[in-house]
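Each residue of the sequence shown is one higher than the last, beginning at 297 in my numbering.
Where a beta carbon is used, it is the ideal one built from N, C-alpha and C, also for glycine.
What you are looking at is a predicted structure, and each value in this text was computed from that prediction instead of being measured.
Read the structure below first, then the notes.
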Amino acid sequence: MRVALSIAGSDPTGGAGIQADLQVFRAHGVHGAAVISALTVQSTSRVHAVLPVFPSVVLEQLRVLLADFVPDAIKIGALGSDDVVRNVTLGLGRLPVGPPRVPIVIDPVLAASDGTALLERRAWAALSDLIGLATLVTPNLDEAAALTGCDTSSDEGVQAAATAFVSEFRAEAALVKGGHRDGPPRDLLAVREGATVSFTWLDGERIGGGPVHGTGCALSSAITAQLALGVALHDAVERARRFVAVALRHAEARGKLARFLCYPDVPTPSGG
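Written out as C-alpha cells, the structure reads:
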C-alpha cells in the first residue's frame with residue numbers, strides 16, 4: 297500500500313484543502329495521511345476566517361508521524377502563518393536523506409479565490425525557504441508573480457517566474473499554472489537538469505460550466521498521488537492534468553456559488 301501525506305488547511309465544505317486531498321489520494325488507490333496546519337470557517341462562496349493551528353502542534357504531528365513511518369510522497373498546501381511554515385520545514389527534517397528522496401509537492405497557497413489571505417505576508421520568505429525542499433512547486437500565475445516578482449502576464453514572464461523557482465528557490469521543478477489567463481489554459485513545467493533548466497509548455501482545454509471549488513488542490517494532490525505510486529515527474533503531471541480535466545467535466549453544483557469536482561477512480565499502475 298502506498299501512502300501520501302497532506303500537510304494543509306481544513307476546508308469544511310470538503311471541496312478543497314485537506315479534505316479534497318484525501319479524496320484525490322483515495323481515487324488513486326493511495327492511502328491518505330494528514331497533518332492539519334490551519335482551520336478555516338468558509339462556505340462555497342467565501343472564507344470567513346483562517347485560524348492557524350498552534351505551530352508546536354503542527355511540528356509534533358509531523359514528528360510523531362514521521363517517527364512511525366515514512367510516506368511515499370508529501371503534498372503541502374495552505375499553512376496560514378510564518379511560524380507554521382517554519383515548523384513544517386523543521387518537521388520535514390525527520391525525513392530520510394535518501395536517495396531516493398521522498399517526493400514533496402508544494403502548492404504555495406497565498407489566498408483564497410475571494411481574496412482572503414491564507415498565508416500571512418511575513419511568511420513569504422519562510423515559504424521560499426521551504427520551496428527549496430520541493431520536488432515540484434505548483435503556483436498559479438498570481439502566486440508566481442507575488443513570490444518571484446515577475447510579471448506573469450506574458451509567456452516570457454511565466455518562464456522567468458518558473459526559472460526563479462528552480463534556479464533561485466532551488467525547487468527541483470516548477471509547474472506554473474496558466475488557468476487564470478484568458479483563453480485555453482497553458483501551463484509551464486520547468487525542470488532543473490544539472491546547471492540548466494528545461495521547459496515544457498502543456499496546453500489544456502478551457503472547460504466551461506461556472507466556478508469550481510478546489511481545482512488547484514486537486515491538481516497538486518493528484519500529482520502527489522502519482523509520485524507516491526512511483527510515476528516519473530513529467531508523466532505524473534500529465535496524468536494529474538487529465539485526472540482534473542475529467543473531474544471538471546463531471547463537476548456538480550453544491551452550495552450557493554461553486555461546483556464540486558467529481559473525482560474518477562484511477563487504475564493503479566502495475567506494481568503500484
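If you compare alpha carbons, which of the options is closest to residue i?
i	options	result
GLU464	GLU452, THR492 and ALA543	THR492
PRO396	THR412, ILE402 and ALA369	ALA369
LEU406	GLY428, GLY394, VAL381 and VAL393	VAL381
ARG537	ASP410, GLY506, HIS546 and GLY500	GLY500
GLY373	LEU557, ARG545, ALA518 and GLU468	ALA518
CYS513	LYS371, VAL542 and THR431	LYS371
ALA588	ALA329, VAL343, LEU544 and THR444	Given that the chain is displayed from residue 297 to residue 568, the structure contains no residue 588 and the question cannot be resolved.
ALA408	ARG535, GLY313, VAL527 and SER449	GLY313
VAL542	THR511, SER352 and LEU523	THR511
GLY325	ARG545, GLY526 and LEU557	GLY526
GLY428	ASP403, GLN315, MET297 and ALA532	ASP403
CYS558	THR385, GLY411, ASN436 and ALA316	ALA316
GLY490	LEU498, GLY474 and GLU468	GLU468
LEU335	SER377, ALA329, PHE365 and ARG298	SER377
VAL462	ALA547, SER341 and SER494	SER494
PHE350	ASP379, SER341 and VAL337	ASP379
Roughly how many angstroms separate the alpha carbons of residue i and residue j, rounded to a whole number?
i	j	result
ALA441	SER339	27 angstroms
PRO480	LEU362	41 angstroms
SER333	ARG482	30 angstroms
ALA300	LEU318	9 angstroms
ILE303	ALA521	14 angstroms
PRO392	VAL384	15 angstroms
VAL346	LEU523	30 angstroms
LEU498	HIS327	29 angstroms
GLY568	ASP425	Legend: pLDDT at GLY568 = 42, less than 50; position of this residue unreliable, value from coordinates given subsequently. In a straight line, the C-alpha of GLY568 is about 32 angstroms away from that of ASP425.
VAL631	VAL331	Here the chain covers residues 297 to 568 and nothing more, so residue 631 does not appear.
ALA419	GLY311	25 angstroms
ALA329	ASP447	36 angstroms
LEU484	ALA470	8 angstroms
SER449	MET297	42 angstroms
ASP410	GLY506	15 angstroms
Residues bridged to residue i by DSSP?
i	result
PRO348	ALA334
VAL487	ALA469 and SER494
LEU415	GLY376
LEU432	VAL401
ARG555	VAL508 and ALA549
LEU301	ALA329 and ILE370
For my contact list, residue i and residue j are in at a C-beta cut-off of 8 angstroms; report their separation, rounded to the angstrom.
i	j	result
PHE539	VAL508	Wrong, their Cβ atoms sit about 14 angstroms apart, outside the cutoff.
GLY394	ARG359	Actually they do not touch by this definition, with Cβ atoms about 19 angstroms apart.
LEU437	GLY474	6 angstroms
LEU432	LEU529	7 angstroms
Answer yes or no: does any C-beta atom of chain D fall closer than 8 angstroms to that of residue i?
i	result
VAL562	Of the protein chains in the structure, only one exists, and it is not chain D.
Query raised in the report: Should the region 553 to 560 be regarded as contacting the region 453 to 462, the criterion being three or more beta carbon pairs within less than 8 angstroms?
Result: The region 553 to 560, when compared against the region 453 to 462, does not touch it at the 8 angstroms Cβ threshold.
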